[in-house]
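Residue numbers (the numbering used here), protein chains in the order written: chain A, -13 to 238; chain B, 1086 to 1433. We put the beta carbon where it would ideally sit given N, CA and C, even for glycine. Quick caveat: nothing in here was measured; it's all calculated off a predicted structure. First the structure, in the form of structure tokens, and then the observations on it.
Right, dumping it as structure tokens:
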């Protein structure tokens, strides 16, 4: 369980995350949706201690992420962010091996090698193992980063807009992979999504934010509705049921 | 020629065993690639050749005079080379930028400023009475304190971004130099003279006691850096990934900056500011090794630096007949390389 208590962040006068209190579950897929500037990414950055909070507490299974030793938090929680692009010359395998750092501190144990091999296999990267990451396509590179997070083997995996710059083949592939992680390995996946339909189809729970506040929180049936989505995005939606999934249309 | 034998051993002690130890402990699963083995072998050969040439060229039978003196020079060149190479590689990783050096960010300007301010405020007679070692200690401690506080403050917790850091660093460096120049101008000419001799010691006139102390400090700093090689590797993935992987970013970066400040003061105290050498050797090392692993890159950059300095000094003494300084040769070559690097980056 991740407990977020009265978390606040503001830049000058502008409040980005406004006194948010939430509990994130210890398994399943949880999506954060909302318009640009709603505070989703900021919230996720604070939960993962990359960004300091102005006020509030985040604890992961009782561990205060801002105060506990960083190496202890790294065994429970990992985050994958889109923007940070590494300049280091490393191969896919080396990148994935970095995921073992919280456990091994640079000395890989046999257990580490097994975890790395499993992560590579799981993300379908076996053929690309020795390729430098800067030679990979966007989708392959994203899979490599997911594999690194997988090798870190934390219960909680946070992903900030993981579908950015992916075509639909790779986006769907990645969402299927994340769903499998939650179902087969019992992990708790928390991700920021811009496409409400991916959120609808793959999530157990959807948290909708607007102007720094959580405005809707629940399973897809209660959040992917014309009323709730209209409220979050301030535009018109029509929600259809297609083969058991709730699909929102907003193109006209 | 017993001293020469001793010499090669001494240098490799500062460098290779430390490297191998870290190699073995950091990543037991993978040793060096064939390419890296070749690079090490090639550089080791170059090192032996350049040291041999330096020690034996044009001795004219005055062995008992030339050898001890030249041996001392080689040790000094090695100490300075390793200090500059290691501090630059670490600085590149901390700032996530390969065209910066501690000098561009004003580290050695700060050392010169502190030294000048001490003479300016205390007067050269007082300073002359102080033991040079005490002076060096005072200078180094002040410089490390200032540099760490300043760059720690600029770097913040890393959220402010790299460009602020670089900009403030460059401005600060210029500011330090202007302050130093101001003090030079208002100083008594005699004091200026004595300051110049202490500040810009050259490879031809090396203070032996300072050399041993500097060498000792260097060894401490280099051992610490090699011990931190896995952390440096993680740091090279960027601040956010490093934090995610459980690195205590603030603490690690503070330690690294402290060590960089120490290494810069050692090299500046021994030979004065050599601006471009670090940039040159670090980037050459990256091109040679093609790896992200710091244990390998630090060792390679150090070897390249020693070879460059020893060969450069030999050329200066015997080909150019002392017309010029090693610093100016390095700055010319380094400057050209820097421009090339900028053009390459601009095109990429």
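- Approximately 5 Å separates the beta-carbon atoms of residue 65 (chain A) and residue 1329 (chain B); this is inside 8 Å, confirming the contact.
- Against chain A, the CB of residue 1225 (chain B) has no partner CB under 8 Å away; the residue lies outside that interface.
- Excluding the 5 residues flanking it on each side, residue 117 (chain A) has same chain C-beta neighbours closer than 7 Å at 77, 78, in chain order.
- Against chain B, the CB of residue 194 (chain A) has no partner CB under 8 Å away; the residue lies outside that interface.
- With 16 or more other Cβ atoms from the protein chains shown falling within 10 Å of its own Cβ, residue 1178 (chain B) counts as buried.
- When secondary structure is reduced to three states using DSSP, residue 230 (chain A) falls in the coil class, being assigned neither helix nor strand.
- Burial is judged here by how many other beta carbons sit within 10 angstroms of a residue's own beta carbon; residue 1318 (chain B) has at least 16 and is buried.
- Near chain A, meaning a CB-to-CB distance below 7 Å, the residues of the segment 1322 to 1334 of chain B are 1322, 1323, 1325, 1326, 1328, 1329, 1330, 1331, 1332, 1333.
- Inside the segment 1376 to 1408 of chain B, DSSP marks no whole beta strand (DSSP E) run of 3 or more residues.
- In summary, residue 1263 (chain B) is exposed, with fewer than 16 beta-carbon neighbours lying within 10 Å of its beta-carbon over all protein chains present.
- Within the segment 1373 to 1390 of chain B, the residues whose Cβ lies closer than 8 Å to any Cβ of chain A are, in chain order, 1375, 1376, 1377.
- Of all residues in the segment 1296 to 1320 of chain B, those with a C-beta nearer than 9 Å to a C-beta of chain A are 1314, 1315, 1316, 1318, 1319, reading in chain order.
- Looking only at B:1206, B:1403, B:1353, B:1321, the smallest Cα-Cα distance to residue 1380 (chain B) is reached by B:1321.
- Taken through DSSP and simplified to helix, strand or coil, residue -11 (chain A) comes out as strand.
- Straight across, the Cα-Cα distance linking residue 1125 (chain B) with residue 1323 (chain B) is about 28 Å.
- Within the segment 1252 to 1328 of chain B, the complete alpha helix (DSSP H) runs of at least 4 residues fall at 1274 to 1284, 1293 to 1312, 1314 to 1320.
- In chain B, no part has a C-beta under 8 Å from the C-beta of residue 48 (chain A); the shortest such distance is about 17 Å.
- Contact of residue 120 (chain A) with chain B is not assigned, every C-beta pair being separated by 8 Å or more.
- The shortest CA-to-CA distance from residue 225 (chain A) to any of A:18, A:187, A:198 is the one to A:187.
- Nearest to residue 1236 (chain B) by alpha-carbon distance, out of B:1223, B:1252, B:1402, is B:1252.
- Residue 142 (chain A) sits in a strand when the DSSP states are folded into three classes.
- Interface with chain B (8 Å Cβ-Cβ cutoff): residue 65 (chain A) is included.
- The beta carbon of residue 130 (chain A) sits no closer than 8 Å to any beta carbon of chain B.
- Cβ neighbours of residue 26 (chain A) within its own chain (closer than 6 Å, five residues either side excluded): 18, 20, 178, 195.
- Residues of chain B with a Cβ closer than 7 Å to the Cβ of residue 84 (chain A) are, in chain order, 1319, 1322, 1330.
- In this structure, DSSP gives residue -3 (chain A) an extended state, which the three-state scheme calls strand.
- Setting aside the 5 residues that flank it on each side, residue 206 (chain A) is surrounded in the same chain by 186, 189, 192, 232, each with a C-beta closer than 7 Å to its C-beta; the list follows chain order.
- In the three-state scheme derived from DSSP, where H, G and I count as helix and E and B as strand, residue 42 (chain A) is classed as strand.
- In terms of Cβ geometry, residue 1397 (chain B) and residue 1424 (chain B) do not form a close pair [threshold 8 Å].
- By the beta-carbon neighbour count (other beta carbons within 10 angstroms, threshold 16), residue 108 (chain A) is buried.
- If you draw a straight line from the Cα of residue 1169 (chain B) to the Cα of residue 1160 (chain B), it is about 14 Å long.
- For residue 176 (chain A), the enclosing beta strand (DSSP E) begins and ends at 174 to 178.
- Following the DSSP letters along the chain, one finds residue 192 (chain A) inside the beta strand (DSSP E) bounded by residues 191 to 196.
- With a threshold of 16 other beta carbon atoms within 10 Å, residue 1417 (chain B) falls short and is exposed.
- Note that the C-beta distance between residue 1346 (chain B) and residue 1232 (chain B) is below 8 Å.
- In the structure shown, residue 1421 (chain B) falls within a helical segment according to DSSP collapsed to helix, strand and coil.
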